[in-house]
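Residue numbers (our numbering): 62 to 507. For glycine and all other residues, C-beta sits at the position ideal for the given N, C-alpha and C. Shown next, in structure tokens, is the structure this report addresses.
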Amino acid sequence: MAMNKVIGIIAIFFAALGRAAAAGAQAKPLSGGDVERIYTRLREQIARIPIYDNHSHATFPDDADMDAMAAPPGESSVLRLRDDNPEFVAAAKALFAYPYNDFQPEHAKWLIDKKKAAEASGNTAYWDGILDKMNIATCLANRVAFAPYLDPQRFHWVFFADSFLFPFDNRDQAAKNGDMAVYVPLQEKVLKRYMKQEGLGGLPLDLAGYENFVRQTLADNQKKGGVAMKFEAAYFRSLYFGDPPRASAEAIYAKFHAGGLPSEQEYRTFQDYVFRVMIDQAGKLDLPVHFHSAVGIGDYFSLTNGTPLNLENVLRDPRYKNVKFVLIHGGYPHTLEMIWMTAAKNVYTDSSLMGYYVYPSELKNILKQWISLFPEKIMFGSDAFPFNDAVGAEETFWLAAESARTALAAALAELVAEGAFGEAKALELARMYLHDNAAKLYGDQK
């Protein structure tokens, strides 16, 4: 009897211990008091993780090939991107030992001269050195054509695809508003460049010829080093693409390839069809497809047209189940909708643009939510871009990388303090976001 009583007491003790352990494993809604110490430890280790940058415009400000787009004159700029942001001075100090505390013209000249000298040299060591200072191992560069001053071992080319949507007379398209008056001629220029690349002196005579031209250009760009193609379509139209029959597109092409102004509906129908030809070819080439899927520049950018939810009928189409879709900029400000769109096995997103649009306190909340849901589908992106001669892609690289590392450490510290997981798991998740997810997607990590 005594022995049975002892055994019973022991059983009760271990049952209680099990309940306590289970209760301890439940994540709490509030962080503990040690969150700052956890943050400090994580931030130091996160700084040592090399970055794979999913989206950038690594270039000098006067390089015409840096984008198939251009900012309309007098565009609005968010607070953090204005020249008086002291973080840009901090970036210049960190990257160039900039000796001044502002960008007054007489001071900024010191920095501009340094960059102009680097551009004149044409040496790939310059941009490699910029990446090294920020511990960025690999970087995707969105460009019309790959630049000779970028090291192809460090920078991988993402080429633009929107120009194939504009083969006809575009006067009505350009006349829609001031933004389109800037954008459309640039698309026409890129299309002519692709036609010259493929040995065409004019548009093919029929839709079959145009389809072959589109498919061959995508294949040739991939052979030239392209690792993905990029759509900036949200600047021109809704991201909702219909699924018209080929016969409709064929009739429209026959009617307008030699001249004439298509109606808005005719042009939209043709674009929808050609877009799907490109997506089909991307699947055949195993070429990831990038979309601008967030706020945009200019006075006429439509948040309604640009929401990533417009792409659902494409992303969920079983015909494209083998196409890797990457929605750039995290759908900002639709970041919650965006992470749920990555529930599809072939959909990914990145945090580019947000790293310098919003401060780390807001980026922390976004990353915390993303990490808590689909951490294997998110990637770092800088969206580094040369805003002017002084504040260049160099400074925006730095600002985006530092902001992301800070926000990431803070998000993970809160999750660790809340009991979601331990610090070892937190660092594993940090490596996934900063490097491994992108390396796996583009084949750099088998």
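So residue 532 is in the beta strand (DSSP E); what residue range does that whole segment cover? Within the shown structure, residues of the chain are numbered from 62 to 507, placing residue 532 beyond reach of any answer.
Where do the ends of the beta strand (DSSP E) carrying residue 388 lie? Position 327 of the sequence shown, counted from the start, is the residue given in the question as residue 388. Counting along the chain, the beta strand (DSSP E) containing residue 388 begins and ends at 386-389.
Assign residue 562 to one of two classes, buried (16 or more other C-beta atoms within 10 Å of its C-beta) or exposed (fewer than that). There is no way to answer for residue 562, as the model of the chain reaches only from 62 to 507.
Unbroken stretches of the beta strand (DSSP E), 3 residues or longer, contained in the region 102-182: 112-117
Let me check understanding here. Comparing Cα to Cα, which of 179, 436, 367, 136 lies closest to residue 292? Mapped onto the sequence shown, residue 292 falls at position 231. Of the listed residues, the one whose Cα sits closest to residue 292 is 367.
How many Å lie between residue 115 and residue 105 at the Cα? Numbered from 1 along the sequence shown, position 54 holds the residue referred to as residue 115. Numbered from 1 along the sequence shown, position 44 holds the residue referred to as residue 105. Answer to the nearest angstrom: the Cα atoms are 23 Å apart.
Confirm, please, whether the CB-CB distance from residue 128 to residue 203 is below 8 Å. By one-based count along the sequence shown, residue 203 stands at place 142. By one-based count along the sequence shown, residue 128 stands at place 67. Yes; because the gap between Cβ atoms is below 8 Å, this pair is in contact.
Please name the residue in 471, 123, 191 whose C-alpha comes closest to that of residue 158. The residue labelled residue 158 in the question sits at position 97 within the sequence shown. Taking each of 471, 123, 191 in turn and checking the Cα distance to residue 158, the smallest one comes out for 191.
Would a C-beta distance cut-off of 8 Å place residue 468 and residue 421 closer than the cut-off? Residue mapping note: residue 468 aligns to position 407 of the sequence shown, counting from 1. Residue mapping note: residue 421 aligns to position 360 of the sequence shown, counting from 1. The answer is yes: Cβ separation under 8 Å.
Taking residue 245 as the reference, give the member of 235, 166, 226, 394 with the closest Cα. Taking the sequence shown and counting its residues from 1, the one referred to as residue 245 is at position 184. Taking only the C-alpha atoms, the option nearest residue 245 is 235.
Tell me whether residue 455 is buried or exposed, calling it buried when 16 or more other Cβ atoms sit within 10 Å of its Cβ. The residue labelled residue 455 in the question sits at position 394 within the sequence shown. Classification for residue 455: buried.
Collapsed DSSP secondary structure at residue 217 in the structure displayed: Taking the first residue of the sequence shown as position 1, residue 217 is located at position 156. Of the three classes helix, strand and coil, the one that applies to residue 217 here is strand, per DSSP.
Do you know whose CA, among 241, 269, 168, 277, lies nearest residue 54's CA? This structure leaves residue 54 out entirely; the chain is present only between 62 and 507.
Among the residues of its own chain, which have a CB less than 7 Å from the CB of residue 499, if the five just before and after it don't count? Counting from 1 along the sequence shown, the entry for residue 499 is found at position 438. Correct list, in chain order: 113, 115, 440.
Give me the Cα-Cα distance between residue 406 and residue 103, rounded to the nearest whole angstrom. To locate residue 406, count along the sequence shown from 1; it is residue 345. To locate residue 103, count along the sequence shown from 1; it is residue 42. Answer to the nearest angstrom: the Cα atoms are 29 Å apart.
Assuming residue 447 and residue 120 form a contact by the criterion Cβ under 8 Å, report the distance between their Cβ atoms to the nearest whole angstrom. By 1-based counting over the sequence shown, the position of residue 447 is 386. By 1-based counting over the sequence shown, the position of residue 120 is 59. Yes, they are in contact, since the Cβ atoms of residue 447 and residue 120 sit about 6 Å apart, within 8 Å.
Looking at residue 212: is its Cβ nearer than 8 Å to the Cβ of residue 248? Here residue 212 is taken as the residue at index 151 of the sequence shown, counted from 1. Here residue 248 is taken as the residue at index 187 of the sequence shown, counted from 1. Taking 8 Å as the cut-off, the beta carbon of residue 212 is found no closer than this to the beta carbon of residue 248.
Within 10 angstroms of the Cβ of residue 430, are there 16 or more other Cβ atoms? Answer buried if so, exposed if not. Here residue 430 corresponds to residue number 369 of the sequence shown, with the count starting at 1. Label assigned to residue 430: exposed.
Looking at the secondary structure, which residues open and close the alpha helix (DSSP H) in which residue 467 lies? Here residue 467 refers to the residue found at position 406 of the sequence shown. Residues 454-478.
Need the endpoints of the alpha helix (DSSP H) that residue 291 sits in, please. Taking the sequence shown and counting its residues from 1, one reaches residue 291 at position 230. That residue, residue 291, is in no alpha helix (DSSP H); its beta strand (DSSP E) goes 287-292.
Check whether residue 388 and residue 399 have beta carbons under 8 Å apart: Looking up residue 388 in the sequence shown gives position 327. Looking up residue 399 in the sequence shown gives position 338. For residue 388 and residue 399, yes; Cβs fall inside 8 Å.
Going by DSSP, what residues sit across from residue 445 in a beta bridge? For this step, residue 445 is matched to residue 384 along the sequence shown. Looking at the DSSP assignment, residue 445 forms a beta bridge with 117.
Helix, strand or coil at residue 403 according to DSSP, with G and I counted as helix: Within the sequence shown, residue 403 is the residue found at index 342, counting from 1. It is coil, neither helix nor strand.
State the DSSP-derived secondary structure class of residue 99, mapped to helix, strand or coil. Within the sequence shown, residue 99 is the residue found at index 38, counting from 1. Residue 99: helix per DSSP, three-state reduction.
Ignore the nearest five residues each way along the sequence and tell me which others in residue 340's own chain have a CB closer than 8 Å to its CB. Position 279 of the sequence shown, counted from the start, is the residue given in the question as residue 340. Excluding residues within five positions, the ones whose Cβ falls inside 8 Å are 350, 375, 381, 384.
Given that a residue counts as buried once 16 or more other Cβ atoms are within 10 Å of its Cβ, and exposed if not, what is residue 475? As a first step, residue 475 is located in the sequence shown; it is residue number 414 there, counting from the start. Counting Cβ neighbours within 10 Å, residue 475 comes out buried, since at least 16 surround it.
Using a 10 Å radius around the Cβ and a threshold of 16 neighbouring Cβ atoms, would you call residue 282 buried or exposed? Counting from 1 along the sequence shown, the entry for residue 282 is found at position 221. Buried, by the Cβ-count rule.
Tell me, please, whether the region 306-323 touches the region 264-276 by the rule of three or more beta-carbon pairs shorter than 8 Å. yes
Determine the direct distance from the alpha carbon of residue 354 to that of residue 508, and round the result to whole angstroms. There is simply no residue 508 to check, as the chain begins at 62 and stops at 507 in what is shown.
Residues near residue 460 by beta carbon distance below 6 Å, same chain, minus five either side: The residue labelled residue 460 in the question sits at position 399 within the sequence shown. Only 148, 152, 417 meet the Cβ criterion.
Roughly how many whole angstroms lie between the Cα atoms of residue 321 and residue 330? Residue 321 sits at position 260 when you count from the first residue of the sequence shown. Residue 330 sits at position 269 when you count from the first residue of the sequence shown. Spanning the two alpha carbons is a distance of roughly 16 Å.
C-alpha distance - residue 233 paired with residue 207, whole-angstrom precision: One-based indexing of the sequence shown puts residue 233 at position 172. One-based indexing of the sequence shown puts residue 207 at position 146. Whole-angstrom Cα-Cα distance: 31 Å.
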